[in-house]
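4 protein chains.
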Amino acid sequence: MTLDDLIQRLRDFAAARDWEPFHTPKNLAMALSGEVGELTALFQWLTPEESAKALDDPQLKADILDELADVLLYLTRLADVLGVDLLDAASAKIDRNELRFPPLPTAD
Amino acid sequence: MTLDDLIQRLRDFAAARDWEPFHTPKNLAMALSGEVGELTALFQWLTPEESAKALDDPQLKADILDELADVLLYLTRLADVLGVDLLDAASAKIDRNELRFPPLPTAD
Amino acid sequence: MTLDDLIQRLRDFAAARDWEPFHTPKNLAMALSGEVGELTALFQWLTPEESAKALDDPQLKADILDELADVLLYLTRLADVLGVDLLDAASAKIDRNELRFPPLPTAD
Amino acid sequence: MTLDDLIQRLRDFAAARDWEPFHTPKNLAMALSGEVGELTALFQWLTPEESAKALDDPQLKADILDELADVLLYLTRLADVLGVDLLDAASAKIDRNELRFPPLPTAD
Numbered sequence: 008m009t010l011d012d013l014i015q016r017l018r019d020f021a022a023a024r025d026w027e028p029f030h031t032p033k034n035l036a037m038a039l040s041g042e043v044g045e046l047t048a049l050f051q052w053l054t055p056e057e058s059a060k061a062l063d064d065p066q067l068k069a070d071i072l073d074e075l076a077d078v079l080l081y082l083t084r085l086a087d088v089l090g091v092d093l094l095d096a097a098s099a100k101i102d103r104n105e106l107r108f109p110p111l112p113t114a115d
Numbered sequence: 008m009t010l011d012d013l014i015q016r017l018r019d020f021a022a023a024r025d026w027e028p029f030h031t032p033k034n035l036a037m038a039l040s041g042e043v044g045e046l047t048a049l050f051q052w053l054t055p056e057e058s059a060k061a062l063d064d065p066q067l068k069a070d071i072l073d074e075l076a077d078v079l080l081y082l083t084r085l086a087d088v089l090g091v092d093l094l095d096a097a098s099a100k101i102d103r104n105e106l107r108f109p110p111l112p113t114a115d
Numbered sequence: 008m009t010l011d012d013l014i015q016r017l018r019d020f021a022a023a024r025d026w027e028p029f030h031t032p033k034n035l036a037m038a039l040s041g042e043v044g045e046l047t048a049l050f051q052w053l054t055p056e057e058s059a060k061a062l063d064d065p066q067l068k069a070d071i072l073d074e075l076a077d078v079l080l081y082l083t084r085l086a087d088v089l090g091v092d093l094l095d096a097a098s099a100k101i102d103r104n105e106l107r108f109p110p111l112p113t114a115d
Numbered sequence: 008m009t010l011d012d013l014i015q016r017l018r019d020f021a022a023a024r025d026w027e028p029f030h031t032p033k034n035l036a037m038a039l040s041g042e043v044g045e046l047t048a049l050f051q052w053l054t055p056e057e058s059a060k061a062l063d064d065p066q067l068k069a070d071i072l073d074e075l076a077d078v079l080l081y082l083t084r085l086a087d088v089l090g091v092d093l094l095d096a097a098s099a100k101i102d103r104n105e106l107r108f109p110p111l112p113t114a115d
């Protein structure tokens with residue numbers, strides 16, 4: 008599945024359930040925010056080192072995959088209803104970040 | 008640019024700045040949460056109807072694209088350091104949602 | 008119960024469970040963020056008008072009170088472990104806001 | 008200043024600026040979410056140990072106090088427009104938590 012496939016599946020999903028009226032950018036931003044809150048909560052009591060091994064725990068792994076998926080679903084849907092190409096926006100942002108944060112000099 | 012290209016650009020970006028030690032899942036989840044907060048703030052005083060036309064305002068459009076990009080950057084990086092395939096996780100989640108929320112009957 | 012009483016109850020609660028080592032500002036900020044995500048989710052599909060009547064629904068009322076409480080608990084605990092007086096900080100912020108956003112002229 | 012004083016100052020502040028129509032629970036939940044995102048961002052690259060000493064840095068201290076204040080302002084305003092007594096809700100929640108998480112046995 009590509010990101011374009013995901014956009015289409017989410018359009019079909021909303022249409023088949025008459026959910027389109029609820030999918031305003033304001034509402035979707037709130038839904039995205041709620042899912043990121045659930046994702047953050049999974050890491051809140053872990054040390055940074057423990058968080059790097061979080062997928063070793065099968066239940067925690069399932070929960071993390073579930074929340075990462077939810078975040079991508081709402082982010083993709085939000086960008087789609089706004090008419091924004093997410094990958095173009097991300098590419099342009101990395102270009103700006105490369106100017107803003109110059110890389111370390113390489114030793115040679 | 009595909010999502011795979013984005014993953015690679017973010018790896019190169021972090022490596023060139025020695026930022027990898029900071030990119031624990033715990034820290035990246037917090038960074039994601041902060042960016043989603045900034046995105047949500049852009050819509051907070053708009054009505055749902057106004058939010059649907061947010062891109063008509065050039066400054067607001069630039070801010071929204073910037074924040075959507077940041078959210079995708081941190082989400083992609085977080086999934087990558089965890090070793091999670093985001094699109095696979097999203098596809099599996101839609102499959103589960105299709106069982107959980109049956110579509111409306113079609114008239115025919 | 009005053010806010011000072013709440014601070015003390017939270018100290019006693021953490022001490023009686025040996026939770027103090029987990030209550031770093033970083034972890035508590037994440038916990039706060041997670042609870043605010045849950046609170047936001049309760050309003051995500053409501054119109055602004057419906058949100059103003061949310062407490063008319065007994066189940067939604069119970070959920071909202073529960074999440075508002077959780078947000079205050081973590082905010083209070085976070086301020087306490089940092090050594091910040093929340094009400095002083097809030098008072099100073101309103102003072103700044105009064106300069107930043109002048110009131111409308113009164114008609115007289 | 009008590010929490011009751013804060014509630015009154017926020018009422019007066021909104022009234023003097025004709026901001027009351029914007030202060031729906033939905034909008035205020037989003038504003039709260041945005042401020043918590045900014046607060047979380049202040050801790051995102053710190054280790055838990057560094058976060059415990061965050062107030063030693065004067066600029067970071069000022070930023071943290073500012074964001075903690077903003078979170079309390081929006082939380083207080085949100086509870087007020089809903090008609091919820093925050094301290095009562097928090098007290099009831101701690102009562103429930105005391106049953107849900109029994110304290111450790113004391114050695115004697």
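Protein chains in written order, with the numbering used here: chain H, 8 to 115; chain U, 8 to 115; chain F, 8 to 115; chain E, 8 to 115. From the three backbone atoms N, C-alpha and C, an ideal C-beta is built for every residue, glycine too. Computed from a predicted structure; not experimentally measured.
A straight-line Cα-Cα distance of about 50 Å links Ala61(E) and Ala23(H). Scanning Pro110(F), Leu80(F), Leu46(F), Met37(F) for the CA closest to the CA of Asp11(F) turns up Leu80(F). The C-alpha of Thr113(U) is placed about 51 Å away from the C-alpha of Trp52(E). Judged by their CB atoms, Glu45(U) and Gly41(E) are nearer to each other than the 9 Å cut-off.
The region 67-87 of chain H makes no contact with the region 98-110 of chain H; the number of CB pairs closer than 8 Å stays below 3. Taking all protein chains in view, the Cβ of Phe108(F) is surrounded by fewer than 16 other Cβ atoms within 10 Å, so the residue is classified as exposed. Using a Cβ distance threshold of 9 Å, Glu74(F) and Leu49(F) count as a contacting pair. About 6 Å separates the Cβ atoms of Leu13(U) and Ala97(H), confirming a contact at the 8 Å cut-off.
Counting only runs of at least 4 residues, the region 60-112 of chain U fully encloses the following alpha helix (DSSP H) elements, listed from N- to C-terminal order: 65-89, 93-107.
Closer than 9 Å to the CB of Arg107(F) there is not a single CB belonging to chain E. Thr47(U) is a Cβ neighbour of Ala36(H), given a cutoff of 9 Å. In the three-state scheme derived from DSSP, where H, G and I count as helix and E and B as strand, Met8(E) is classed as coil. Under the DSSP assignment, Phe29(F) falls outside any alpha helix (DSSP H); it carries neither an H nor an E label. Rounded to whole angstroms, the separation of the alpha carbons of Pro28(F) and Asp19(F) is 14 Å.
Residue environment analysis places Thr31(F) among the buried positions, since at least 16 neighbouring C-beta atoms fall within 10 angstroms of its C-beta. When 7 Å is used as the limit between beta carbons, Ser40(H) is near these residues of chain F: Gly44, Thr47, in chain order. In this structure, DSSP gives Gln15(F) a helical state, which the three-state scheme calls helix.
At a cut-off of 9 Å between C-beta atoms, Phe20(F) does not count as an interface residue with respect to chain H. Counting only Cβ-Cβ distances below 8 Å, Pro55(E) has contacts in chain H at Thr54, Pro55, in chain order.
With distances taken between CA atoms, Leu67(U) lies nearest to Val91(H) out of Val91(H), Met8(H), Asp70(H). Taking 9 Å as the threshold, the shortest C-beta distance from Asp25(E) to chain F falls below it.
Taking a Cβ-Cβ cut-off of 7 Å, the neighbours of Gln51(F) in chain H comprise Asn34, Met37, Ala38, Gly41, given in sequence order. Judged by beta-carbon spacing, Leu72(H) lies beyond the 9 Å limit of Ile71(U), meaning their Cβ atoms are not closer than that value.
Between Lys33(H) and the set Ala21(U), Asn34(U), Leu17(U), Val43(U), the nearest pair of CA atoms involves Val43(U).
With a threshold of 16 other beta carbon atoms within 10 Å, Leu111(H) falls short and is exposed. Pro110(E) belongs to the set of residues whose beta carbon lies under 9 Å from a beta carbon in chain F.
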